[in-house]
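Each remark here refers to the structure printed beneath this line.
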Amino acid sequence: MHVLVTGGAGYIGSVTGALLLDEGHSVTVFDNLELGHRAAIDTRAALMVGDLRNADAIDRAIAETRPDAVMHFAADALVGESMAQPERYFGNNVAGGLNLAAAMLRHGVRRIVLSSTCATYGEPERLPITEDSAQRPTNPYGESKLMLERALDWYRRLHGLHVVSLRYFNACGAAGGRGEDHSPETHLIPILLQVALGQREQACIHGDDYPTPDGSCIRDYIHVSDLARAHLLALTTPASGAFNLGTGSGFSVKQVLAAARAVTGHPIPASVGPRRPGDPPVLVAAADKARQVLGWTPQITAIEDIIASAWEWHRAHPDGYGG
Ligand code: UFG
Numbered sequence: 000m001h002v003l004v005t006g007g008a009g010y011i012g013s014v015t016g017a018l019l020l021d022e023g024h025s026v027t028v029f030d031n032l033e034l035g036h037r038a039a040i041d042t043r044a045a046l047m048v049g050d051l052r053n054a055d056a057i058d059r060a061i062a063e064t065r066p067d068a069v070m071h072f073a074a075d076a077l078v079g080e081s082m083a084q085p086e087r088y089f090g091n092n093v094a095g096g097l098n099l100a101a102a103m104l105r106h107g108v109r110r111i112v113l114s115s116t117c118a119t120y121g122e123p124e125r126l127p128i129t130e131d132s133a134q135r136p137t138n139p140y141g142e143s144k145l146m147l148e149r150a151l152d153w154y155r156r157l158h159g160l161h162v163v164s165l166r167y168f169n170a171c172g173a174a175g176g177r178g179e180d181h182s183p184e185t186h187l188i189p190i191l192l193q194v195a196l197g198q199r200e201q202a203c204i205h206g207d208d209y210p211t212p213d214g215s216c217i218r219d220y221i222h223v224s225d226l227a228r229a230h231l232l233a234l235t236t237p238a239s240g241a242f243n244l245g246t247g248s249g250f251s252v253k254q255v256l257a258a259a260r261a262v263t264g265h266p267i268p269a270s271v272g273p274r275r276p277g278d279p280p281v282l283v284a285a286a287d288k289a290r291q292v293l294g295w296t297p298q299i300t301a302i303e304d305i306i307a308s309a310w311e312w313h314r315a316h317p318d319g320y321g322g
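Under numbering that gives the first Met the number 0, the sequence shown has 143 at position 144, and the numbering climbs by one with no breaks.
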């Protein structure tokens, strides 16, 4: 298939683009290169530099490339930033996504795989989180993804668009020479590895007074190559709807820190700071639906293995894609 990959210069989009190419698909990346990196894009992919907020630009891209399907990664994805700049999130994630969907409908492109998030659930009412849990986002990031999920679902019902929404838990790790390079970096694992590389003095544990066994927040860390494989399965499945992508196991911040110390052999000094606004204590996926319907099984589930893959990439690319 020919797949248009929006956000294909970003972390998960670039890994998935490479996997699509490995599997014999052809790829056109549509990316504004604001947060993504040209160097992350597989050399076999075509690149169109453009912004989804420009309706004409995405319309032209769809008209020219006539893809069989779209994988839509391009988005802003930081919870904290979304609390400070909600208009950025609704403008880019919602309005941009709607421009993309309108162009697809106009030009007869019938299939989309959407990058969604567990942030659409907000504070979970029960754990692990199933897809039919209430979706009550607690920040504009989660709300923006939910709004797009819902709009696309109406296009599915009314226009027959085939929609698969993949709700990622905590994406991490590196694959095929591609890793996490955000600026500024706010994610736990890259920050711990930056301390191990001597780029930061110490890490901060954002709160250890949560109602969890060791007091720090628990997350479901899912390797980026497993996320990429889920997209390949979503590309051809006859099923539509939403799927959680996580391992089903949670690790606390302190457990991740201990694992990072073991993997790197570095003491990674860390202090305990205040809670970070908007952080739910525990987010763990029930991913049975993806297993049963998509036939997806995460391969890299040990936290040490996940961190080891990220560590290898960060050591080889201490300055990210800039170095
Ligand atoms: N954390 C620290 N110290 C740090 C960085 C993070 O203690 O320096 C903690 C956070 O408070 C959180 C956990 O580590 O408890 C994981 O934080 P990340 O920033 O790595 O990831 P988030 O869980 O905040 O965010 C991820 C995705 C979002 C998604 C969100 C859903 O990056 O896109 O999960 O809650 F929306």
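From the three backbone atoms N, C-alpha and C, an ideal C-beta is built for every residue, glycine too. Note that this is a predicted model, so its numbers are computed, not measured.
Looking only at Val4, Val194, Asp67, Glu80, the smallest Cα-Cα distance to Gly49 is reached by Val4.
For Glu142, the CB contacts under 6 Å within the same chain, skipping 5 residues up- and downstream, are Pro136 in chain order. Not one heavy atom of the ligand UFG sits closer than 8 Å to the Cβ of Thr15.
One thing to note: His1 has its Cβ no nearer than 9 Å to the Cβ of Thr42. With respect to the 9 Å criterion, Ile302 and Val255 are classified as neighbours on the basis of their beta carbons. Of the other Cβ atoms in all chains shown, fewer than 16 fall within 10 Å of the Cβ of His158; this residue is therefore exposed.
Cβ-Cβ distances below 7 Å link Ala289 to Ala229, Phe242, Asn243, Leu244, Trp295 in the same chain, with the five nearest sequence neighbours on each side left out; the list follows chain order. For the ligand UFG, a non-hydrogen atom lies closer than 8 Å to the CB of Pro279.
If you draw a straight line from the Cα of Arg274 to the Cα of His186, it comes to about 15 Å. The beta carbon of Ala38 sits closer than 6 Å to those of Tyr320, all from its chain and outside the five residues before and after it, given in chain order.
Inter-residue distance for Ser81 and Tyr88 is about 6 Å (C-alpha atoms, whole angstroms).
Annotation: His106 is outside any alpha helix (DSSP H) and is labelled neither H nor E by DSSP. Burial check for Asp208: the Cβ neighbour count within 10 Å stays below 16, so the residue is exposed. Out of Phe168, Asn53, Leu147, the CA that lies nearest to the CA of Ala284 is found in Phe168.
Distances from the CB of Leu187 to the heavy atoms of the ligand UFG include at least one below 8 Å. Within the DSSP bridge table, the entry for Ala241 names Ser164 as partners. The shortest CA-to-CA distance from Asn53 to any of Ala100, Glu200, Pro268 is the one to Ala100. In the structure shown, the three-state DSSP call for Gly23 is coil. Nearest Cα to Ala118 within the set Arg110, Ile111, Val112, Ile128: Ile128. Close CB contacts of Leu19 within its chain, under the 6 Å cut and outside five residues either way in sequence, are with Val2, Val26 (chain order). Between the ligand UFG and the CB of Val93, the shortest heavy atom gap is not smaller than 8 Å. Within the region 279 to 316, the complete alpha helix (DSSP H) runs of at least 4 residues fall at 302 to 315. Taking the Cα positions, Ser164 is about 38 Å away from Gly197.
Buried is the label assigned to Ser13, since at least 16 other Cβ atoms lie within 10 Å of its Cβ.
The ligand UFG approaches His205 closely enough that one of its heavy atoms is under 8 Å from the residue's Cβ. Rounded to the nearest whole angstrom, the CA to CA distance from Asp278 to Ile217 is 10 Å.
Beta-bridge annotation (DSSP): Met70 is paired with Val4, Val112.
Distance from the CA atom of Gly95 to the CA atom of Leu77, rounded to whole angstroms, is 17 Å.
For Leu104, the closest of Tyr140, Gln134, Ala74, Arg156 by C-alpha to C-alpha distance is Arg156.
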